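Chemist: Quick one: this structure, given as structure tokens, is what I'll be asking you about.
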Amino acid sequence: MQRSDISRRAVLAGAAGLAAGAAVGVGRATAAPRVRAAADRVTAITHVTVIDATGAPAKRDQTVLLRDGRILAVEPSRRIGVPLGADVVDGRGKFLIPGLANMHNHTFDGEQIEPPLHLANGVTTVREMTANSDVTGWRRRIEAGTMSGPRWTIGSPIVDGSPSLWEGLGAPYIAVATPEEGRATVRAQKDAGADFVKVYTRLSRPSFFAIADEARRQRIPFLGHLSDFVQMTEASDAGLASIEHLFQIWYDTSSREDELRRQITAVPIAGGEYNGWLNKMHPYEYAAARSYDRHKAAGVFARLARNGTRVTPTLVLHTFTDMPGDTPMNDPRYAYFPAATREFWQFALGLIYLGGRTPAQDARGREIFERRLQLVQDLDRAGVPLMAGTDNGTSYLMPGFSLHDELARLSQAGLSNMRVLQTATLEPARYLGVRDRGTVERGNVADLVLLDADPLRDIRNTTRINSVVFRGQVIDPATRERMLDDVKKAAAAMVPPPQPRAATCPC
Numbered sequence: 001m002q003r004s005d006i007s008r009r010a011v012l013a014g015a016a017g018l019a020a021g022a023a024v025g026v027g028r029a030t031a032a033p034r035v036r037a038a039a040d041r042v043t044a045i046t047h048v049t050v051i052d053a054t055g056a057p058a059k060r061d062q063t064v065l066l067r068d069g070r071i072l073a074v075e076p077s078r079r080i081g082v083p084l085g086a087d088v089v090d091g092r093g094k095f096l097i098p099g100l101a102n103m104h105n106h107t108f109d110g111e112q113i114e115p116p117l118h119l120a121n122g123v124t125t126v127r128e129m130t131a132n133s134d135v136t137g138w139r140r141r142i143e144a145g146t147m148s149g150p151r152w153t154i155g156s157p158i159v160d161g162s163p164s165l166w167e168g169l170g171a172p173y174i175a176v177a178t179p180e181e182g183r184a185t186v187r188a189q190k191d192a193g194a195d196f197v198k199v200y201t202r203l204s205r206p207s208f209f210a211i212a213d214e215a216r217r218q219r220i221p222f223l224g225h226l227s228d229f230v231q232m233t234e235a236s237d238a239g240l241a242s243i244e245h246l247f248q249i250w251y252d253t254s255s256r257e258d259e260l261r262r263q264i265t266a267v268p269i270a271g272g273e274y275n276g277w278l279n280k281m282h283p284y285e286y287a288a289a290r291s292y293d294r295h296k297a298a299g300v301f302a303r304l305a306r307n308g309t310r311v312t313p314t315l316v317l318h319t320f321t322d323m324p325g326d327t328p329m330n331d332p333r334y335a336y337f338p339a340a341t342r343e344f345w346q347f348a349l350g351l352i353y354l355g356g357r358t359p360a361q362d363a364r365g366r367e368i369f370e371r372r373l374q375l376v377q378d379l380d381r382a383g384v385p386l387m388a389g390t391d392n393g394t395s396y397l398m399p400g401f402s403l404h405d406e407l408a409r410l411s412q413a414g415l416s417n418m419r420v421l422q423t424a425t426l427e428p429a430r431y432l433g434v435r436d437r438g439t440v441e442r443g444n445v446a447d448l449v450l451l452d453a454d455p456l457r458d459i460r461n462t463t464r465i466n467s468v469v470f471r472g473q474v475i476d477p478a479t480r481e482r483m484l485d486d487v488k489k490a491a492a493a494m495v496p497p498p499q500p501r502a503a504t505c506p507c
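This is how it looks when you write it as structure tokens:
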């Protein structure tokens, strides 16, 4: 397949003036917003319904006290008073949940509108799946208190086989040809400060297991895509911390596994043939999905659960890749993104995802997606920990907004609304090893979202955001609206660059 010279980095290069964007004052979108409480004062959220995400029933008419970025108390309002001088947020008729986490995100150069979009949408934690100097800089500024935005966990560049699917496509990657190179890469990424090593699709078996062993020696997590050459159960046994996307899960659960594995490992994939990989593997993925053996799957999933291997389904990504023709073209949320970004989305949709598709492929895509929904339900019922993630960076997936779309898809898959909420709260906190996040409990970090409607009644109510609390500070409705308005104005002011070059996800 002929590769395009168009690159997402360059398509968005014209947005690089965002921080200096004199016309719109982009600094207002990224600088720390004004909040309702000073760090050393108490904030009281009174008479609120608390959904603590532990799995316990909602607690009605609670008062939650915050101080110094922590939850000081969660008590029935009748049993606790409001301290003199406290900043009071009236929670009557509202619902308090933990701050949300997007556990599969990609940020590309020039998208400095991204941190406020996450935060305004209640996303207070982000796992960044590809090393990025912008995100590293944002994290430093956020931790220093000079910029508003979520807590960031940042991985290595993509660590792929040689040749890599990403060769020449603009995304940061490392091609590993030998086990020795794999080990050296793990050590180098740990020394560079990566929070985890991100492995990818075309790693050979020897390189994959060398990386797994070295990651264990260096005590750094490794996670990412399943390799075309390694069984999912083998990867789980080797310590793969989380499996990203649902592309290759079918093979371990297929009654035709041996036959299909022989076929997929023989498929020729050239360097930079990311699109070719999607197209060439599609028939085999379809065959594996149609030969899904639920009895076999139960054993496979029990093994993942015992190992503590997590899965990030990214159903919003699969909605797009399985059914690209259904992508809405007039979503009002697109107004928060510059014309260059929207032009890239349209370019990628037409060239990469819709180009050459037949009605038969569309029908297969719809069937595969329905099977993915059942797959997610089976994973959850088997006790495999699931985490919410979006794969922002793929066309039409939006920082902040798309996480709520993912929660709706997880509900569509049959998860209870509490379990859906936990995929973006409790489970990410457990994965990150932070005991003071992910639930609304005394002593925990005060990263919270105040909603105007009950998400346990309808998970889509997570979009009904009244206020966001980050590090104990309240972004009230008026401030939140100003943040979003600043982003929209900044996006509208950006001028598309000439002669774009570039890349796309999923990654």
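FYI, UniProt numbering numbers position 477 of the sequence shown as 477, with every residue one higher than the one before it. Ideal placement from N, C-alpha and C gives every residue a C-beta, glycine not left out. All values derive from a computational prediction rather than experimental measurement.
Excluding sequence positions up to five away, which residues of its chain have a Cβ less than 7 Å from the Cβ of A382?
Modeler: A298, F301, A302, A305
Chemist: Identify whether S254 lies in helix, strand or coil by the three-state DSSP scheme.
Modeler: strand
Chemist: Does DSSP classify G299 as helix, strand or coil?
Modeler: helix
Chemist: What did DSSP end up calling R127 once you bin it into helix, strand or coil?
Modeler: strand
Chemist: May I ask whether a heavy atom of the ligand SAM can be found less than 7 Å away from the beta carbon of S402?
Modeler: Ligands in the displayed structure: none, and consequently the ligand SAM is not present.
Chemist: Per the contact definition of three or more C-beta pairs closer than 8 Å, is the segment 97-104 in contact with the segment 72-86?
Modeler: no
Chemist: Does the Cβ of R139 have 16 or more other Cβ atoms within 10 Å, making it buried, or fewer, making it exposed?
Modeler: buried
Chemist: Let me confirm a value: V316 is counted as buried when at least 16 other C-beta atoms fall within 10 Å, else exposed. Which label applies?
Modeler: buried
Chemist: Given this structure, state the Cα-to-Cα distance separating S312 from I243, to the nearest angstrom.
Modeler: Looking at the sequence provided, one finds Thr at residue 312 rather than Ser. A direct Cα-Cα distance of roughly 6 Å separates T312 from I243.
Chemist: Consult DSSP for P405 and reduce its assignment to one of helix, strand or coil.
Modeler: Checking the sequence, you will find Asp at residue 405 rather than Pro. Of the three classes helix, strand and coil, the one that applies to D405 here is helix, per DSSP.
Chemist: What first and last residue would you give for the beta strand (DSSP E) that runs through A241?
Modeler: Premise fails: A241 is in no beta strand (DSSP E) and is neither H nor E.
Chemist: Look at the alpha carbon of R28 and the alpha carbon of Q112, and state the distance between them as a whole number of angstroms.
Modeler: Residue placement at R28 is flagged as unreliable, the pLDDT there being 33, under the threshold of 50; the coordinate-derived value follows with that caveat. Distance between the alpha carbons of R28 and Q112: 11 Å.
Chemist: Tell me the rounded alpha-carbon separation between L456 and N417.
Modeler: Rounded to whole angstroms, L456 to N417 spans 5 Å at the Cα level.
Chemist: Out of curiosity, what's the CA-to-CA distance linking L386 and N444?
Modeler: 22 Å
Chemist: So who's on the other strand from L59, going by DSSP bridges?
Modeler: According to the sequence shown, residue 59 is Lys rather than Leu. Looking at the DSSP assignment, K59 forms a beta bridge with V50.
Chemist: Throw me the rounded Cβ distance for the R141 and T124 pair, which I believe falls under 8 Å.
Modeler: So it is not a contact: roughly 16 Å between Cβ atoms.
Chemist: Among H104, H225, I154, which residue has its Cα nearest to the Cα of S133?
Modeler: I154
Chemist: Tell me whether V26 is buried or exposed, calling it buried when 16 or more other Cβ atoms sit within 10 Å of its Cβ.
Modeler: Low per-residue confidence applies at V26: pLDDT is 33, beneath 50, and the placement is therefore not dependable, though the value from the model is reported in the following sentence. That one is buried.
Chemist: Is it buried or exposed, D228, if we count other Cβ atoms within 10 angstroms and call 16 or more buried?
Modeler: Around the beta-carbon of D228, 16 or more other beta-carbon atoms lie within 10 Å, marking it buried.
Chemist: Does the distance from the C-beta atom of P179 to that of S156 stay below 8 Å?
Modeler: no
Chemist: Hey, how far is the Cα of Y292 from the Cα of Y396?
Modeler: 30 Å
Chemist: Can the beta-carbon of S162 be found less than 8 Å from the beta-carbon of A144?
Modeler: no
Chemist: Counting along the chain, where does the beta strand (DSSP E) carrying T312 start and finish?
Modeler: Unbroken beta strand (DSSP E) run through T312: 310-312.
Chemist: State the DSSP-derived secondary structure class of G438, mapped to helix, strand or coil.
Modeler: coil
Chemist: Please go through the same chain and pick out, in chain order, the residues whose beta-carbon is closer than 6 Å to the beta-carbon of R36, but skip the five residues on each side of it.
Modeler: With a pLDDT of 47 at R36, under the threshold of 50, the modelled position of that residue is not reliable, and no figure is offered here.
Chemist: Decide yes or no for the touch test of the segment 331-346 against the segment 483-490: beta carbon pairs closer than 8 Å, at least 3 of them.
Modeler: Cβ pair count under 8 Å is three or more, so yes.
Chemist: Hey, L407 and A388: beta-carbon distance below 8 Å or not?
Modeler: yes
Chemist: If you draw a straight line from the C-alpha of V186 to the C-alpha of W250, how long is it?
Modeler: 28 Å
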